[in-house]
Amino acid sequence: MQPLDEKLNQLFPGKVVLKDLTAQLKGNAVVPSYVLEYLLGQYCATDDEETIKQGLDTVRDILLKHFIHRDESELIKATIREKGVYKVIDKIGVTLNEKKDFYEAAFSNLGIRQVLIEDGIVKKHRKLLTGGVWCIVDVRYEHSDETKGFPWVVERLKPIQISSVDLDEYKQLRAGFTTDEWLDVMLQSLGLNPEHFTKRAKLNQLARLIPFCENNYNLIELGPKGTGKSHVFSEFSPHGILISGGDVTQAKLFVNNASGKIGLVGFWDTVAFDEFAGKDKRVDKKLVDIMKNFMANKSFSRGRDVYGATASMAFVGNTDHSVPYMLRHSHLFVSLPNGYLDSAFLDRIHCYLPGWEVDKLRNEMFTNGYGFIVDYLAEVLKGLRKEDYSHLLKAGFQLSDTLTSRDRDGVTKTFSGLMKLVFPHGVFEEKESREILEFALEGRKRVKNQLYKIDDTFEEVKFSFTDTFSGITKEVLTLEEERFQAKVQQHKEVLGKLSFDSFTDTSRDTESDTKTDSESAAPPPSLKSRTISIRDGMTGISYENLFGDYLEGASVVLITDPYIRQRYQIINVLDLIRVIIGRKQEGEEVAVHLTTSYDYGNKEGLRAQLLSLGENVLQAGIQFSFEFEEGQNFHARSIQTSSGWKISLERGLDFFQAPDRENPFGLEWTMQEYRKVKETTITFLKSADEEIVE
Numbered sequence: 002m003q004p005l006d007e008k009l010n011q012l013f014p015g016k017v018v019l020k021d022l023t024a025q026l027k028g029n030a031v032v033p034s035y036v037l038e039y040l041l042g043q044y045c046a047t048d049d050e051e052t053i054k055q056g057l058d059t060v061r062d063i064l065l066k067h068f069i070h071r072d073e074s075e076l077i078k079a080t081i082r083e084k085g086v087y088k089v090i091d092k093i094g095v096t097l098n099e100k101k102d103f104y105e106a107a108f109s110n111l112g113i114r115q116v117l118i119e120d121g122i123v124k125k126h127r128k129l130l131t132g133g134v135w136c137i138v139d140v141r142y143e144h145s146d147e148t149k150g151f152p153w154v155v156e157r158l159k160p161i162q163i164s165s166v167d168l169d170e171y172k173q174l175r176a177g178f179t180t181d182e183w184l185d186v187m188l189q190s191l192g193l194n195p196e197h198f199t200k201r202a203k204l205n206q207l208a209r210l211i212p213f214c215e216n217n218y219n220l221i222e223l224g225p226k227g228t229g230k231s232h233v234f235s236e237f238s239p240h241g242i243l244i245s246g247g248d249v250t251q252a253k254l255f256v257n258n259a260s261g262k263i264g265l266v267g268f269w270d271t272v273a274f275d276e277f278a279g280k281d282k283r284v285d286k287k288l289v290d291i292m293k294n295f296m297a298n299k300s301f302s303r304g305r306d307v308y309g310a311t312a313s314m315a316f317v318g319n320t321d322h323s324v325p326y327m328l329r330h331s332h333l334f335v336s337l338p339n340g341y342l343d344s345a346f347l348d349r350i351h352c353y354l355p356g357w358e359v360d361k362l363r364n365e366m367f368t369n370g371y372g373f374i375v376d377y378l379a380e381v382l383k384g385l386r387k388e389d390y391s392h393l394l395k396a397g398f399q400l401s402d403t404l405t406s407r408d409r410d411g412v413t414k415t416f417s418g419l420m421k422l423v424f425p426h427g428v429f430e431e432k433e434s435r436e437i438l439e440f441a442l443e444g445r446k447r448v449k450n451q452l453y454k455i456d457d458t459f460e461e462v463k464f465s466f467t468d469t470f471s472g473i474t475k476e477v478l479t480l481e482e483e484r485f486q487a488k489v490q491q492h493k494e495v496l497g498k499l500s501f502d503s504f505t506d507t508s509r510d511t512e513s514d515t516k517t518d519s520e521s522a523a524p525p526p527s528l529k530s531r532t533i534s535i536r537d538g539m540t541g542i543s544y545e546n547l548f549g550d551y552l553e554g555a556s557v558v559l560i561t562d563p564y565i566r567q568r569y570q571i572i573n574v575l576d577l578i579r580v581i582i583g584r585k586q587e588g589e590e591v592a593v594h595l596t597t598s599y600d601y602g603n604k605e606g607l608r609a610q611l612l613s614l615g616e617n618v619l620q621a622g623i624q625f626s627f628e629f630e631e632g633q634n635f636h637a638r639s640i641q642t643s644s645g646w647k648i649s650l651e652r653g654l655d656f657f658q659a660p661d662r663e664n665p666f667g668l669e670w671t672m673q674e675y676r677k678v679k680e681t682t683i684t685f686l687k688s689a690d691e692e693i694v695e
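Residue numbers (the numbering used here): 2 to 695.
Have a look at this one:
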């Protein structure tokens with residue numbers, strides 16, 4: 002096991018499980034992950050290999066004997082008839098037979114209806130009345146006059162979910178992990194391998210859980226197919242329900258006027274709408290009006306009675322166009338049905354998750370490590386719904402006075418939800434809470450930016466905050482604003498090429514009255530010393546648009562990077578050399594020297610590859626040389642030029658995220674502009690006195 006797995010088993014014994022066991026069991030069993038992990042938690046919640054093996058066999062045996070496959074339903078019914086009573090695992094829904102005044106159960110996979118069930122069972126488990134619950138059920142077959150013509154009877158029923166958790170214990174044990182470790186624990190609990198996710202990507206994944214831990218939270222995520230948008234809402238928690246966006250009515254969602262029966266929002270913590278996008282979908286305007294009232298006021302009415310509920314709502318769907326296209330020609334809500342393109346409805350959304358930033362799920366992105374049994378974590382999040390962490394925002398930050406009350410609600414609820422997920426114990430550093438606040442501001446600002454385009458009656462506000470400790474005020478931009486230069490509130494077009502103004506820029510004027518030899522060969526005088534901070538997940542960045550102007554006119558380029566060891570890292574050097582080739586004068590030569598290090602046992606192999614690189618670029622006028630630095634403190638990463646520029650690279654040349662291996666024809670393989678980057682800082686410093694030549 003990895004150290005994190007060992008710690009997780011040590012601090013949370015019996016509450017964690019190997020996540021790849023769930024994948025092994027899934028097979029043809031069409032059941033949510035929380036059903037499988039509930040069983041795994043009974044028999045496999047340990048780090049002992051022999052116990053896990055035996056437990057896995059037990060769970061397989063239980064599924065084999067008691068899980069109902071639709072094509073075997075007649076066989077199971079015959080078994081129940083022969084044995085009299087038989088235990089099954091199935092999804093059960095209950096309705097009231099008004100004519101005969103008793104409850105009837107319906108089994109999803111077994112395919113039997115009009116199954117008698119006692120009033121006491123229904124009163125104890127009210128969710129049986131709203132769409133169905135996965136249960137372990139003892140079914141009895143008894144054909145007689147006493148069964149009122151219905152031979153099937155529910156004798157005993159147990160919903161598949163943990164009955165209770167110790168929330169205080171959970172918070173106390175959280176203190177045993179660092180923030181980075183805990184983020185990885187949460188990702189692994191979702192079945193994901195944290196090694197393939199950046200910090201921002203992890204927050205995007207965790208934000209999907211906010212509706213489960215925050216009352217009356219409204220979330221939307223639109224993006225490409227295959228990113229797992231709906232997976233969390235269908236597989237993660239027995240307290241959430243996923244419905245088709247087009248398969249919902251006023252009666253089903255809120256209240257049935259004829260029967261007085263409360264709808265889904267009265268029984269589920271989270272109601273998620275799948276396939277919510279689609280321009281051609283018909284929308285009930287009255288339904289949208291009731292939803293608007295509920296999303297804003299936590300109440301709804303159909304007729305004279307007013308009802309309250311705490312359900313959160315999540316809307317997930319696919320986008321039809323690229324982000325640049327939407328920003329230039331329309332807005333980020335353009336794929337929604339026209340009935341939902343109502344500014345009052347959209348204004349009630351607390352956070353817009355950028356689904357286009359989420360990578361499509363690939364095999365290597367799933368974990369084989371330990372994570373919380375999802376049912377245990379689901380119960381923890383349900384317990385956290387009763388708590389409010391918004392006071393942690395007010396204690397350290399002050400939001401801009403220009404924000405509307407709905408803007409504040411959106412930011413505050415997103416902040417509170419993420420703090421519950423990452424810092425449930427309430428212990429954190431100020432910079433960590435600031436990062437979450439910026440994420441929350443960005444999520445709400447993405448909504449507001451589109452409202453400016455849809456409805457010109459919305460007044461511009463400033464999404465900024467002031468740190469009450471330092472007094473520093475910071476304005477927050479969405480990532481797509483920075484990347485595409487989209488001033489949405491002014492309806493300006495997106496720029497096609499990235500410029501340095503889209504980064505956080507700290508500049509220093511280094512012009513001198515005395516012109517030196519190095520300046521005579523220097524790049525255009527408009528270039529200046531500066532520090533840029535590149536945000537995690539940005540695209541549109543390449544060596545050409547970052548370094549091209551600074552490399553022009555240089556006869557010598559020195560690259561210092563200790564991590565040029567793997568094949569893709571050597572290709573990074575080649576990509577930089579391509580930029581140098583494109584910027585040098587025809588017929589001139591440029592000397593490029595690399596200082597790097599090597600992995601133990603791979604020195605000669607790396608040497609051979611670098612020699613081959615030098616031989617190949619010689620024909621293009623590049624004199625390539627290299628040396629290995631063996632010092633233990635060799636961590637510097639930079640590019641220096643004979644024209645007097647030093648470019649300090651926080652991550653070296655390797656600041657791009659890995660392309661999708663399962664998509665060999667993706668543009669990101671050949672065009673850096675289409676690859677996402679990791680968060681990094683780059684400093685450009687001009688030396689007017691020193692010419693760098695070897």
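The beta-carbon is built from N, C-alpha and C at its ideal position, and this holds for glycine as well.
The straight-line gap separating the alpha-carbon atoms of Asp185 and Gly94 is approximately 36 Å. Within 10 angstroms of the beta-carbon of Asn339 lie fewer than 16 other beta-carbons, which makes it exposed. Residue range Thr180 to Ser190 is occupied by the alpha helix (DSSP H) that includes Trp183.
Per DSSP, the continuous beta strand (DSSP E) segment holding Tyr104 begins and ends at Phe103 to Phe108. Secondary structure at Asn98: strand, using DSSP grouped into helix, strand and coil. When C-beta atoms of the region 326-341 are compared with those of the region 437-451, three or more pairs fall below 8 Å, so the two segments count as touching. Contact annotation: the region 359-376 touches the region 33-44, with at least three C-beta pairs closer than 8 Å. As a beta-bridge residue in DSSP terms, Gly372 pairs with Val18.
The beta carbons of Gly538 and Leu480 sit closer together than 8 Å. Considering only Gln251, Thr671 and Thr23, the residue with the shortest C-alpha distance to Val284 is Gln251. Taking a C-beta distance under 8 Å as the contact criterion, Ile69 and Ile77 qualify as a contact pair. In the three-state reduction of the DSSP assignment, Met366 falls in the helix class, which pools H, G and I. Sequence-distant Cβ neighbours of Ile90 in its own chain, meaning closer than 6 Å and more than five residues away, are His67, Phe68 and Ile137.
Judged by beta-carbon spacing, Tyr218 lies within the 8 Å limit of Gly418, meaning their Cβ atoms are closer than that value. Annotation: the continuous alpha helix (DSSP H) that includes Arg584 extends over Arg568 to Arg584.
Thr368 and Gln673 have their C-alpha atoms some 28 Å from each other. Scanning the region 223-262 from its first residue to its last, the whole alpha helix (DSSP H) runs of 4-plus residues come out as 232-236 and 251-254. Counting C-beta atoms within 10 angstroms of its own C-beta, Phe274 has 16 or more neighbours from the protein chains shown and is therefore classed as buried. In this structure, Phe466 lies near Leu438, with their beta-carbon atoms less than 8 Å apart.
For the region 387-465, the continuous alpha helix (DSSP H) assignments of 4+ residues that do not extend past its boundaries occur at 392-397, 406-423 and 431-455, in sequence order.
Secondary structure note for Ser626: its beta strand (DSSP E) is the uninterrupted segment Ile623 to Phe629. 8 Å or more divides the Cβ of Asp270 from the Cβ of His232. Sequence-distant Cβ neighbours of Met296 in its own chain, meaning closer than 7 Å and more than five residues away, are Asn219, Met314 and Arg349. Here Phe346 is not near Val266, since their CB atoms are 8 Å or more apart. Here the C-alpha atom of Ile113 lies approximately 14 Å from the C-alpha atom of Thr80. For Asp661, same chain residues with a beta-carbon under 8 Å away, outside a window of 5 residues either side, are Asp360, Lys361, Arg363, Gly667 and Glu669 in chain order.
Counted as a single uninterrupted DSSP element, the beta strand (DSSP E) harbouring Phe685 occupies residues Thr681 to Lys687. Around the C-beta of Gln162, 16 or more other C-beta atoms lie within 10 Å, and the residue is accordingly described as buried. In this structure the region 643-652 does not lie against the region 613-626, because fewer than three pairs of beta carbons, one per stretch, are closer than 8 Å. Contact annotation: the region 392-401 touches the region 413-428, with at least three C-beta pairs closer than 8 Å. Cβ contact annotation for Phe237 (same chain, cutoff 6 Å, sequence separation greater than five): Val375, in chain order. Beta-bridge analysis with DSSP links Gly318 to Leu223. Membership of Asp285 in any beta strand (DSSP E) is not indicated, and neither H nor E is assigned to it by DSSP. Non-local beta-carbon contacts of Pro14 in its own chain, meaning distances under 8 Å to residues more than five positions away in sequence, involve Ala46 and Thr47 in chain order.
With contacts defined by Cβ atoms closer than 8 Å, Asp655 and Tyr599 do not form a contacting pair. Check the Cα spacing between Glu215 and each of Ile571, Pro425, Gly318 and Thr597: the tightest is with Pro425.
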